[in-house]
Amino acid sequence: MKMIPARLTILRCALALAMALPGVQAMAARQISFWTMQLSPTHDDYVHGLIARFEAAHPGVKVKWVDVPWSEMERKTLTAIAARRAPDVVNLNPQFAAKLAEFGVLADPKRYLRADEIAAYLPSGWQANQLGGRQFGVPWYLTTNITLYNREVLAQAGVAPPRTQDELLAAARRIRSSTGGYAYFPALDGSTPLEVMAASSPLTTPDGCRAGFLNARGGAVFDYYRTLYRDGLVPKSVLTEGHREAVALFMSGQVAMISTGIQFLDHIRNANPGLYPKIGVGPQIGSGLSRPNIAAMNLVVPSASREPALAFRFAQFVTNAENQNALVARVPILPSTVASYQSPAFTKSSGDALLDAAKRASVAQVFAGTVLVPPMRHYSKLQTSYLRNLQAYMLGSKSRDAAFSEIDRSWAQALGCK
Numbered sequence: 448m449k450m451i452p453a454r455l456t457i458l459r460c461a462l463a464l465a466m467a468l469p470g471v472q473a474m475a476a477r478q479i480s481f482w483t484m485q486l487s488p489t490h491d492d493y494v495h496g497l498i499a500r501f502e503a504a505h506p507g508v509k510v511k512w513v514d515v516p517w518s519e520m521e522r523k524t525l526t527a528i529a530a531r532r533a534p535d536v537v538n539l540n541p542q543f544a545a546k547l548a549e550f551g552v553l554a555d556p557k558r559y560l561r562a563d564e565i566a567a568y569l570p571s572g573w574q575a576n577q578l579g580g581r582q583f584g585v586p587w588y589l590t591t592n593i594t595l596y597n598r599e600v601l602a603q604a605g606v607a608p609p610r611t612q613d614e615l616l617a618a619a620r621r622i623r624s625s626t627g628g629y630a631y632f633p634a635l636d637g638s639t640p641l642e643v644m645a646a647s648s649p650l651t652t653p654d655g656c657r658a659g660f661l662n663a664r665g666g667a668v669f670d671y672y673r674t675l676y677r678d679g680l681v682p683k684s685v686l687t688e689g690h691r692e693a694v695a696l697f698m699s700g701q702v703a704m705i706s707t708g709i710q711f712l713d714h715i716r717n718a719n720p721g722l723y724p725k726i727g728v729g730p731q732i733g734s735g736l737s738r739p740n741i742a743a744m745n746l747v748v749p750s751a752s753r754e755p756a757l758a759f760r761f762a763q764f765v766t767n768a769e770n771q772n773a774l775v776a777r778v779p780i781l782p783s784t785v786a787s788y789q790s791p792a793f794t795k796s797s798g799d800a801l802l803d804a805a806k807r808a809s810v811a812q813v814f815a816g817t818v819l820v821p822p823m824r825h826y827s828k829l830q831t832s833y834l835r836n837l838q839a840y841m842l843g844s845k846s847r848d849a850a851f852s853e854i855d856r857s858w859a860q861a862l863g864c865k
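Residue numbers (this note's numbering): 448 to 865.
Here it is as structure tokens:
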């Protein structure tokens, strides 16, 4: 019995010594992991600065940053979630995030963010991260395509920058006949073809169970593509190549216009400085029936996170106005917070008239725009069916009625309504 006090003293000393060891301290710290897409090494100092400021404001918290190549993000994220080793905060695009949300593996930010924090985001950016009315992520940064055009080519053909598909079709004929070149390369990869359709007609019926564009407006969009291809107003490679080809043809002067984001101006200035002073800028070419299209990149928190509240604190921190302003100073992107647009980056001239004009057009579209192709269940199946049938109609191997009939069947099956 006399030994007990001595043993207690020894035990207390041992515990105190153990707690002083670095390894035990590390175990005691709260840690979250943060996955980004291809930001390293270009933006190492920016991300490390974010993490350092967050950790300083949250003593005892550590953020582990993992940068993943763009092409590997979906596979790595799926593998990590399946293996129950999901990151706490991960940067995804809304369509892939929606695929995860279908399976219920993403946490709802509305459970963790305050009302004023949610209200800080542009409504269009916030709504871009919803599936079936349920929120699955927070917007990080936005993009919106504007039209860049070669002023010399348009002047040579005697045409004004087109704003609608009808005007583009007329301009394409004039440019082809007078210069031998092409007005436009309508890239068929990514979401672009569906965005063009969504500018004319809703993609689904009101109940979300079937394709909603199998009507006269949708038929006009299909006819527009077929006319461009059949009449030789676009390169034949449009059926096999995508946006990368559009960029190459615009840079070489073979195509007079391109639909792209403001970040492309830096590429032109560096790769073809002789082309830069010839460029003019205009809004998206659309049907005139819809709001401009925007796209959003997001941050999501998997439901398997052991620290969801802390993970959303970090996601909100990364996407707040101050930190988005710092990102805009590095990269020509568009922030998702309303307050960011009061910063000098958007209120003062940069000294580059073309860049300023592109920014003005982009900002106007962001505030007026929406995500024309919102997150949808089984999006890849819907996209594949749409594109396959559009291409068949462009080639003349399938009638429009046959193409629409196949889309109706496949979309009804994919959307899964009974």
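C-beta atoms are modelled at their ideal positions from N, C-alpha and C, and glycine is treated no differently.
Which of helix, strand or coil DSSP assigns to residue i
i           : result
residue 582 : strand
residue 501 : helix
residue 795 : coil
residue 684 : helix
residue 736 : coil
residue 473 : Note on residue 473: pLDDT 43, under 50, position unreliable in the model; no value is reported.
residue 514 : strand
residue 849 : helix
residue 661 : coil
residue 480 : strand
residue 450 : Because residue 450 carries a pLDDT of 42, less than 50, the predicted location of this residue cannot be relied on, and no value is offered for it.
residue 603 : helix
residue 626 : helix
residue 468 : Confidence at residue 468 is low in this model, with a pLDDT of 44, below 50, so its placement is unreliable and no value can be given for it.
residue 631 : coil
residue 408 : Examination of residue 408 is not possible in this model, given that the chain is present from 448 through 865 alone.
residue 855 : helix
residue 727 : strand
residue 491 : helix
residue 651 : strand
residue 459 : With a pLDDT of 47 at residue 459, under the threshold of 50, the modelled position of this residue cannot be trusted, and the question is left open.
residue 485 : coil
residue 559 : coil
residue 713 : helix
residue 827 : helix
residue 646 : coil
residue 836 : helix
residue 637 : coil
residue 842 : helix
residue 531 : coil
residue 670 : helix
residue 722 : coil
Bridge partner(s) assigned by DSSP for residue i
i           : result
residue 942 : Past the boundaries of the shown model lies residue 942; the chain is included only from 448 to 865, so the question cannot be answered.
residue 705 : 595
residue 612 : The partner list for residue 612 (beta bridge, DSSP) is empty, contrary to what the question assumes.
residue 590 : 742
residue 553 : 749
residue 577 : 582
residue 509 : 478
Supposed close pair residue i, residue j - CB separation, criterion 8 angstroms
i           : j           : result
residue 634 : residue 690 : 4 angstroms
residue 759 : residue 682 : About 47 angstroms separates the two Cβ atoms, so there is no contact after all.
residue 726 : residue 595 : 5 angstroms
residue 728 : residue 805 : 5 angstroms
residue 755 : residue 559 : 6 angstroms
residue 542 : residue 826 : 5 angstroms
residue 544 : residue 740 : Not a contact, Cβ separation roughly 18 angstroms.
residue 859 : residue 657 : 5 angstroms
residue 854 : residue 661 : 7 angstroms
residue 810 : residue 793 : 6 angstroms
residue 590 : residue 781 : 6 angstroms
residue 593 : residue 709 : 7 angstroms
For the structure I just gave you, are there three or more beta carbon pairs, one from the segment 832-842 and one from the segment 764-776, closer than 8 angstroms?
With fewer than three CB-CB distances shorter than 8 angstroms, the segment 832-842 does not count as touching the segment 764-776.
Does the contact criterion of 3 or more C-beta pairs under 8 angstroms hold for the segment 597-610 versus the segment 740-754?
Taking a cut-off of 8 angstroms on C-beta distances, the segment 597-610 does not touch the segment 740-754, as fewer than three cross pairs fall below it.
So, do the segment 794-811 and the segment 521-530 have three or more beta carbon pairs nearer to each other than 8 angstroms?
Contact fails between the segment 794-811 and the segment 521-530, because fewer than three Cβ pairs, one in each stretch, are under 8 angstroms apart.
In the segment 751-825, which residue ranges form an unbroken alpha helix (DSSP H) of at least 4 residues, counting only runs that do not cross its ends?
Fully enclosed alpha helix (DSSP H) runs of 4 or longer: 755-765, 768-775, 791-794, 800-815.
Decide if the segment 814-826 is in contact with the segment 617-629; the criterion is three or more beta carbon pairs, one per stretch, under 8 angstroms apart.
The segment 814-826 vs the segment 617-629: no contact.
If we count Cβ pairs, one from each stretch, closer than 8 angstroms, do we get three or more for the segment 665-682 versus the segment 578-586?
No: fewer than three Cβ pairs fall under 8 angstroms.
Meets three-Cβ-pair contact criterion under 8 angstroms: the segment 596-604 and the segment 563-577
No, the segment 596-604 does not touch the segment 563-577.
Is it the case that the segment 818-831 contacts the segment 642-653, given that we only count it when at least three CB pairs across the two stretches are under 8 angstroms?
By the Cβ criterion, the segment 642-653 is in contact with the segment 818-831, since at least three pairs of Cβ atoms, one from each stretch, lie closer than 8 angstroms.
So does the segment 550-557 actually touch the segment 699-707, counting three or more Cβ pairs closer than 8 angstroms?
Verdict: no, contact absent.
Using a Cβ distance threshold of 8 angstroms, determine whether the segment 507-516 contacts the segment 475-492, with at least three qualifying pairs required.
The count of Cβ pairs closer than 8 angstroms, one atom from the segment 507-516 and one from the segment 475-492, reaches three, so the stretches are in contact.
Taking three-plus beta-carbon pairs below 8 angstroms as touching, is the segment 715-723 in contact with the segment 769-788?
Touching, no, given that fewer than three Cβ pairs across the two stretches are closer than 8 angstroms.
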